[in-house]
Structures are given as structure tokens and as C-alpha cells.
Amino acid sequence: MKVLLSDEQKEFASSIRRLFDRECPPSLVRQLQDPSADPKPRRLWDRLAQSGVFGLALPNDVGGGGGTLFDLGLVYEEGGRALCPTIVYSTLEFGLAVSRLTSAPQLLELMPKVAAGEMIGTIALADPGDSSNITPSIRAERQGSKWELSGSLDFVPNADVADMLLTTARARDTSGPAHDVTLLLPREVLSTQRRSTFARDNQNRVNLDGVRIDSANVFAGTEGLNHAHLRWISNATTALHCMDMIGGARAVIDQTVRYIKDRHQFGRPIASFQAAQHHVANMHIAAEGAQLAAYQAVALVGAGRIAERETSIAKLKANEAYKFATLTAHQLHGGMGYVVDTNLHLWSERAKAMELRDGAWDTQIGRLSSALGMRA
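Residue numbering for the sequence shown follows the working numbering, starting at 479 and increasing by one per position.
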């Protein structure tokens with residue numbers, strides 16, 4: 479599949495890059511790593527809302543911009559360059575999931591708020607370490623007019639500050655067999671515990687044991703959940719995360735090229751040494767291949783396909799390229815690459831966190847083998 483950016487898409491990506499350059503410097507990334515900091519970067523958030531980013535891929539009839547998943551992918555790519563806070567991504571993915579999963583009026587009423595940046599959302603629709611596993615880990619049992627929940631969710635981004643959490647549950651009702659449903663959970667019913675992570679981003683364990691919610695917060699009813707839509711959302715978010723990783727790898731390459739052009743040894747820039755040039759060339763090759771795979775995955779999923787094979791390939795290549803770029807960058811930076819007062823480690827930490835999210839190498843190999851009809 480040949481994916482080339484149109485002039486309009488190039489200009490859009492450039493405008494988003496300029497926005498992130500202004501509003502999401504490394505100093506903001508460091509600030510947000512402090513657990514006591516306000517997790518919502520208000521100036522960046524407001525600028526993204528004013529630019530229509532939160533509603534970009536939402537339908538026009540709910541206040542969105544009617545854009546494509548690929549358009550949203552360009553936001554993720556530029557966000558990856560700037561280490562965009564995950565609270566932005568979790569809200570974008572909440573809107574994407576709600577618009578795809580259900581037409582329930584109660585949920586669609588939230589869409590204008592999402593599009594305007596007036597609420598924070600997050601989702602827990604798949605195993606965070608294997609996005610192909612969409613089996614609900616929560617149980618819901620009807621008790622009169624209420625539903626009682628049991629179980630927990632792990633590594634849910636920004637659950638402690640989200641206004642709403644969208645997840646799924648295995649429901650048992652006296653009127654019929656067990657079936658899967660969608661749950662919309664407001665912040666006040668969530669018991670959260672922040673996880674300590676390598677990238678120091680906001681990930682939470684959510685305990686739902688004994689939580690009772692109204693029937694108005696349970697969707698899909700007795701007809702059950704549309705698992706094809708759930709699978710699509712899982713692959714869409716994985717493909718978007720690949721775009722973030724490509725942007726991050728590109729940022730690392732750019733930083734490294736600037737450094738080796740400025741750093742002198744033996745009276746000349748170290749960029750003039752062939753060994754350094756080979757390292758940078760290999761970084762570029764890895765990033766180019768991963769970008770093509772990510773573009774293909776986002777384009778195909780955006781066209782309505784599940785694209786299991788393409789999504790797995792994209793995640794494999796993105797994992798490899800981002801990790802390789804950061805490791806090689808540290809090598810070319812020498813001792814300076816390991817000084818935390820410099821910024822390179824911020825991308826290295828993000829690369830490791832994103833490698834594990836949605837599934838690392840072994841998980842993606844298993845997914846790809848299954849998609850190809852092979853034994854893992």
C-alpha cells in the first residue's frame with residue numbers, strides 16, 4: 479500500500495509540530511513527571527482544544543471535525559516528537575472509542591464536551607500488555623435496578639484524573655445468558671492506585687470490587703457488545719501509538735545529528751567520522767521502515783479494516799526503531815547521553831514504556847503468527 483502525504487496533510491502536520499514546539503517543551507515533560515504536579519497541562523490543553531484536535535476524528539454531527547484516523551495519526555506522530563502528555567492521548571482515545579462502540583444517547587451527549595476539550599476521558603478495553611486480548615476482566619451482576627461490579631483493571635492511563643472511564647464487563651442478568659457490555663464509570667466510583675512506571679507517566683490500578691452503578695451506566699444490553707468494533711478500537715489505538723513512537727524516534731535522530739555536528743574531537747566534528755555516519759544512517763533506515771509500516775496500519779484501520787497483520791507488523795517495527803534510535807543516540811552522545819540534566823533520557827524512558835504498551839516483541843510475534851495462520 480502506497481501512503482503519501484498530501485500537501486494539506488503536510489501543512490497540518492507542520493502546524494501541529496509548531497504548536498507542540500511552543501507549548502510542550504522538555505521542561506513541561508519534566509514538570510509532569512512530578513506526582514504532585516497538575517496532571518493536566520492547561521496551556522497545552524487549551525491550545526489543542528482551540529485547534530480542534532480533540533474533535534478531529536469525531537463525526538461532524540457530534541461536534542467533531544469529521545477527520546480521518548490518519549489525520550489523528552499525524553497528531554500522534556508530532557506528539558511523539560514532543561513527548562505529548564498521555565492525558566491528551568487517553569482523552570482522544572476515549573472519544574474515538576465512544577463514537578465507534580455505541581450509539582447510546584447518554585454516551586453521544588458526551589462527544590461535544592470531548593471535542594471541545596471540556597472533559598478528560600480514558601479507556602480500558604484491552605489488556606495493556608497485549609492489545610489483541612479484549613476479554614473483559616470485570617464482572618457485572620444485576621441486583622435490582624443496580625449493577626454490582628467486581629474485578630480490577632491495571633495500567634489504566636490517567637484513571638485518577640479522568641472524568642469518565644470506558645471499559646467492558648462480562649454481565650450476568652437474570653433475564654438471559656451472560657454477555658459482554660460496555661461500562662461508563664464516573665471518577666467518583668473509581669478506587670485508583672498510581673503505578674510507579676519507567677517513564678513516570680500516570681498509570682493506575684483501578685479496583686472495582688463492590689462498586690454499584692446505575693443501569694444508565696451499562697450499555698449494549700442483552701444483545702451484547704459488538705466485538706468487531708472493540709477489535710477495531712484496539713488496533714486503532716495500537717496503530718496510533720506506533721505513530722507516536724515514530725515521532726519519538728525521529729526526534730531522537732534529530733537531536734543526535736545536531737549533537738554530533740557540534741561535538742568536536744581531534745579537531746573536527748565527530749559527524750565527519752564514518753563510524754558515526756553509519757550509526758545515524760542505520761537509525762534513519764530503521765525509522766523509515768517503521769514509519770511506512772505505521773502509516774499503512776493507520777490508513778487501513780482508518781478505512782474500516784481490522785488489519786490485524788498490519789498492526790502487528792507496525793508495532794514490531796516501531797518497537798525496534800524507537801529502541802534502536804535511543805540506544806544508538808546514547809552511544810553517540812557518549813557520557814553526555816547519561817546525564818539526566820540533558821533531555822535524551824526522556825525519550826529513552828518513553829521508548830521503553832511504549833514498547834511494552836499494547837505488546838512487546840514476543841506478544842506481537844504471536845499475534846502476527848495467528849494472523850498469518852501459523853503456529854507461534
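Backbone N, C-alpha and C fix where the C-beta goes; we use that ideal spot for every residue, glycine too.
Note that the coordinates shown come from a computational prediction; the quantities given were computed from them, not determined experimentally.
- Around lysine 624, the same chain offers Arg690 as residues with beta carbons nearer than 6 Å, after the five sequence neighbours per side are excluded.
- Annotation: the segment 617-643 contains the following complete segments of the beta strand (DSSP E) (minimum length 3 residues), in chain order: 617-621, 624-628, 630-635.
- Under DSSP, asparagine 685 forms a beta bridge with Ser630, Ser669.
- Rounded to whole angstroms, the Cβ separation of leucine 603 and threonine 646 is 6 Å, and the two are in contact under 8 Å.
- Sorting Thr546, Gly815, Ala535 by C-alpha distance to the C-alpha of arginine 741 places Gly815 at the top.
- Ranked by Cα distance from aspartate 692, the options Thr660, Ala527, Ala677 are led by Thr660.
- Under the three-state reduction of DSSP output, aspartate 658 falls in the strand class.
- In summary, proline 635 is buried, with 16 or more beta-carbon neighbours lying within 10 Å of its beta-carbon over all protein chains present.
- If only complete runs of 3 or more residues are kept, the segment 749-823 shows no beta strand (DSSP E) anywhere.
- DSSP links isoleucine 691 through a beta bridge to Trp625.
- Under the three-state reduction of DSSP output, proline 747 falls in the strand class.
- Bridge pairing for isoleucine 601: Leu644 [DSSP].
- Around the beta carbon of phenylalanine 676, a 10 Å sphere encloses fewer than 16 other beta carbons of the protein chains shown; the residue is thus reported as exposed.
- DSSP assignment within the segment 481-545 yields the following whole alpha helix (DSSP H) runs of 4 residues or more, N-terminal first: 485-501, 504-510, 520-528.
- Taking the C-beta atoms as reference points, arginine 521 is found no nearer than 7 Å to leucine 497.
- Counting every other CB atom within 10 Å of its CB across the protein chains shown gives methionine 761 a total of 16 or more, marking it as buried.
- Under DSSP, aspartate 608 takes part in a beta bridge, and its partners are Asp605.
- Within the segment 542-580, no complete beta strand (DSSP E) segment of 3 residues or longer occurs.
- Glycine 725: member of the alpha helix (DSSP H) spanning 705-740, first to last residue.
- When C-beta atoms of the segment 792-811 are compared with those of the segment 750-766, three or more pairs fall below 8 Å, so the two segments count as touching.
- Residue burial annotation: glutamate 596 is exposed, with fewer than 16 other C-beta atoms found within 10 angstroms of its C-beta.
- Alanine 575 has its alpha-carbon roughly 30 Å from the corresponding atom of methionine 852.
- As DSSP reads the structure, valine 696 sits in a beta bridge with Leu661.
- In this model, arginine 783 and isoleucine 601 are separated by some 21 Å (Cα to Cα).
- Residue pairing from DSSP places aspartate 651 in a beta bridge opposite Gly654.
- For arginine 845, the enclosing alpha helix (DSSP H) covers residues 839-849.
- Between glycine 573 and alanine 640, the CB-CB gap reaches or exceeds 7 Å.
- Residue state for proline 614 is assigned as coil, using DSSP reduced to three classes.
- The DSSP-derived three-state label of alanine 593 is helix.
- Apart from sequence neighbours up to five positions away, no residue of its chain approaches aspartate 732 with a beta-carbon distance below 7 Å.
- In the DSSP annotation of this structure, the continuous segment of the alpha helix (DSSP H) that includes leucine 586 starts and ends at 583-586.
- The three-state reading of DSSP puts alanine 829 in helix, counting H, G and I together.
- When the beta-carbon positions are compared, glutamate 571 and alanine 491 stay at least 7 Å from each other.
- Taking the Cα of threonine 715 as reference, the smallest distance to any Cα among Gly837, Ala799, Met589, Ala594 is reached at Gly837.
- When rounded, the separation of the alpha-carbon atoms in asparagine 797 and arginine 787 is 16 Å.
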